[in-house]
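Residue numbers (the working numbering): 11 to 404. Down below is the structure, laid out as structure tokens.
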């Protein structure tokens, strides 16, 4: 293993894996830091094994890195700060910096900064045991810390629902926010250097179980596309003058307004289709940002859709990386979408709904093409020899 790396990734999941592969293509040295020596990232490059809550081990890793990026925003910011101080690692070498990350880890702090900056977002209030019931229903209860993929989210539709959530309200680490009736959930990837800001074309995300299962390019008018990109950039700027790559989740209302849900300060599931467009993938963009390279070109009119491969609910995908089954699954996809590309993450443990991989399918331009994405995912699991994919998980 090399003594030093241009980039260190905190976490070793699929996002770290795909970032490392992008770094390899640019000749950038990179390593991941993760407790799992056999995780997705460890299969494609060097991994330093250590707990994400251990500042001493993390400091030893950071001392060998020129820059650091995130596989997950849930690495405790207190651990990162302690590790950076111990390693003499300047905060501006973390992409994005620790101040941005601290706000992202608290959804109520996010909401408050959006409101101060005039960025459209649901009004939110801290939730405490004695909080008065909402004036109107529905409302949404969210965990302030750590919630994702529908975990830590509960829609309260009646006074009975409110009363039943007494334990959540008493916990002191949840928030209550206005319910936004939306037509679509939309996401925009934003890439920022000290001198450049680029927003990718918005995508519509299809989330039947509060987990993104499919993305398709948003085919709205040029005015609406620009509006979504403007709101996404404004949301990032509301948190701070950050350098990095950001997945900005938006609600598109029936009146054509974009309302910010939240930001992920890292590559994002909704940006996976960029890997097979003719421009620059979100992962290459992050490597460019971290190493001081100029941003790469972005396709204005992408035509690639994405289907997540979520773990089957019957447990039949155990032995997830069995080469024979994967070969059959890829062949099955090729039978329905000859130009589709399967991206497999190499996860060792399989749970219902866990993200095991994704398929990028060219020629997808709108929601009207959604049946093709479903057919590609179904073909994969049929070839793999399992039931259909499961519900939420990561």
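Glycine is no exception: its CB is placed at the ideal position from the N, C-alpha and C atoms. Note that this is a predicted model, so its numbers are computed, not measured.
Residue closest to residue i, alpha-carbon to alpha-carbon, out of the options
i           : options            : result
residue 139 : 162, 156, 174      : 174
residue 127 : 395, 288, 251      : 251
residue 229 : 107, 378, 368      : 378
residue 357 : 27, 19, 16         : 27
residue 111 : 90, 144, 131       : 90
residue 50  : 29, 34, 36, 62     : 29
residue 186 : 345, 122, 211      : 122
residue 234 : 262, 258, 320      : 262
residue 69  : 87, 99, 82         : 99
residue 362 : 341, 332, 109, 321 : 321
residue 344 : 359, 309, 360, 394 : 394
Endpoints, alpha helix (DSSP H) assigned at residue i
i           : result
residue 34  : 24-36
residue 169 : 169-174
residue 334 : 333-346
residue 89  : 87-97
residue 117 : 117-127
residue 308 : Note, residue 308: premise wrong, no alpha helix (DSSP H); not H, not E.
residue 241 : 232-249
Neighbour-count burial assignment, residue i, 16 or more Cβ in a 10 Å radius
i           : result
residue 399 : Residue placement at residue 399 cannot be trusted, given a pLDDT of 45 that sits under 50; the coordinates are not used to answer.
residue 402 : Residue placement at residue 402 is poorly supported in this model, since its pLDDT is 41, which falls under 50; the coordinates are not used for a value here.
residue 225 : buried
residue 102 : exposed
residue 387 : buried
residue 193 : exposed
residue 373 : exposed
residue 12  : exposed
residue 258 : buried
residue 196 : buried
residue 223 : buried
residue 354 : buried
Residues sharing a beta bridge with residue i, DSSP
i           : result
residue 184 : 137, 153
residue 42  : 19, 57
residue 254 : 202
residue 371 : 315
residue 274 : 257
Where the beta strand (DSSP E) containing residue i begins and where it ends
i           : result
residue 283 : Careful: residue 283 lies outside any beta strand (DSSP E) and carries neither H nor E.
residue 299 : First-last for residue 299: 292-301, but that is the alpha helix (DSSP H), not the beta strand (DSSP E).
residue 65  : Counting along the chain, residue 65 falls outside any beta strand (DSSP E), though it belongs to the alpha helix (DSSP H) covering 65-72.
residue 222 : From DSSP, residue 222 is part of no beta strand (DSSP E); its letter is neither H nor E.
residue 351 : 351-354
residue 216 : 213-216
residue 78  : 75-80
residue 190 : From DSSP, residue 190 is part of no beta strand (DSSP E); its letter is neither H nor E.
residue 209 : 207-209
beta-carbon residue i near the ligand PLP non-hydrogen atom, thresh 8 Å
i           : result
residue 262 : Among the components of this structure there are no ligands whatsoever, and the ligand PLP is therefore not found.
Short CB-CB distance (under 9 Å) between residue i and chain D
i           : result
residue 196 : Note that chain D does not occur in the displayed structure, where there is just one protein chain.
inquiry  = I'd like to know if the region 231-240 and the region 284-300 are in contact, where contact means that at least 3 CB-CB pairs between them fall below 8 Å.
reply    = no
key: Given 8 Å, three or more beta-carbon pairs between the region 364-377 and the region 58-68   = no
Three-pair Cβ contact test at 8 Å for the region 256-271 versus the region 336-345 = no
ask   = Hey, is the region 82-100 in contact with the region 302-314, meaning 3+ C-beta pairs nearer than 8 Å?
value = no
Three-pair Cβ contact test at 8 Å for the region 276-283 versus the region 298-310 = no
inquiry  = Taking 8 Å as the cut-off, does the region 206-215 touch the region 63-81 (at least 3 CB pairs, one atom from each stretch)?
reply    = no
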